[in-house]
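A short write-up of the structure that comes next.
In full-length UniProt numbering, the protein residues as written are 1 to 246.
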């Protein structure tokens, strides 16, 4: 077997992978890498800036409890998912609420665990996406509520204090609004909440009036602009939830 000459053309490949790694590390994606002992080995700049304390400049060597406010039970559950992904060489996709909380207090995410082998042993790369990034591409809602979604079919964007609509609505109105934002029809919401279609129609009209939008299309455009899909009603989640989707 020929020995490696650091001056041969392979050095170009080394330079390419180094540049590619630096580019990916500085990308807009939030990701981290953990080893078989569930220790953080690396993380993107986006993950560091969104989820770590400003006092920490690196995730290397950290454990989940250094970053997450989740209970030991939920941390152990996350470790079980990671171990399963490594052992069976299968991707795992989770709905997560409360396991991570970013600097903007967003608590709901889709977590994609991808196993890979390296010279240091088995590892997982974990990508974190907001619900707004995967809505209508991944059926996460049925894992949380038991109901599926359908894709929804240029206006002046309303403004709200702190971009939070919940201060303008009752808890019941926000539940209906959120299900509409997730792609559910009025009839499907009525069946799920076990109320009449007319009841949902009345709440829907109240939602439109309170949020100053003309119709469902206006609600969806406004919700998309402000990422309201992340504001999951408390009745759907506990203090922390990890639910396997795929």
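No residue lacks a Cβ here, since even glycine has one placed at the ideal position from N, Cα and C.
Remember, it's a predicted structure, so these values are computed and weren't measured experimentally.
Item                                                                                                                                                                            : Value
For residue 218, does the three-state DSSP call read helix, strand or coil?                                                                                                     : helix
Suppose the cutoff is 6 Å on Cβ atoms and the five residues either side in sequence are ignored; what does the same chain contact list for residue 237 look like?               : 97
Give me whichever residues DSSP pairs with residue 121 in a beta bridge.                                                                                                        : 118
Cutting at 6 Å between CB atoms, please list the residues of its own chain near residue 179, excluding the five before and the five after it.                                   : 189
Flag this pair as touching only if the segment 87-96 and the segment 34-43 have three or more C-beta atom pairs under 8 Å; answer yes or no.                                    : no
Which of helix, strand or coil does DSSP assign to residue 130?                                                                                                                 : strand
Indicate the three-state DSSP secondary structure (helix, strand or coil) for residue 36 in the structure shown.                                                                : coil
Which value, in whole angstroms, describes the spacing of the CA atoms of residue 163 and residue 120?                                                                          : 45 Å
Using DSSP with H/G/I as helix, E/B as strand and the rest coil, what is residue 112?                                                                                           : strand
Are residue 63 and residue 32 touching if we call contact CB-CB under 8 Å?                                                                                                      : no
Could you spell out where the alpha helix (DSSP H) holding residue 83 opens and where it closes?                                                                                : 72-88
For residue 59, which three-state DSSP category applies?                                                                                                                        : coil
Does the segment 218-225 come into contact with the segment 71-85, if we say contact requires no fewer than three beta-carbon pairs (one atom in each stretch) closer than 8 Å? : no
What did DSSP end up calling residue 94 once you bin it into helix, strand or coil?                                                                                             : strand
For a test of the three-state rule: what should DSSP assign to residue 235, helix, strand or coil?                                                                              : helix
For residue 253, does the three-state DSSP call read helix, strand or coil?                                                                                                     : Here the chain has residues from 1 to 246 only, and residue 253 is not among them.
Can you tell me whether residue 155 is helix, strand or coil according to DSSP?                                                                                                 : Caution is warranted here: a pLDDT of 48 is assigned to residue 155, below 50, making its placement in the model unreliable, and the coordinate value is therefore given only provisionally. Note: residue 155 maps to coil in three-state DSSP.
Alpha carbon to alpha carbon, what distance is there between residue 229 and residue 195?                                                                                       : 23 Å
Considering only residues of the same chain and omitting the five flanking positions on each side of residue 246, which have a CB-CB separation below 6 Å?                      : 93
Using 8 Å as the threshold, is the C-beta distance between residue 207 and residue 231 below it?                                                                                : no
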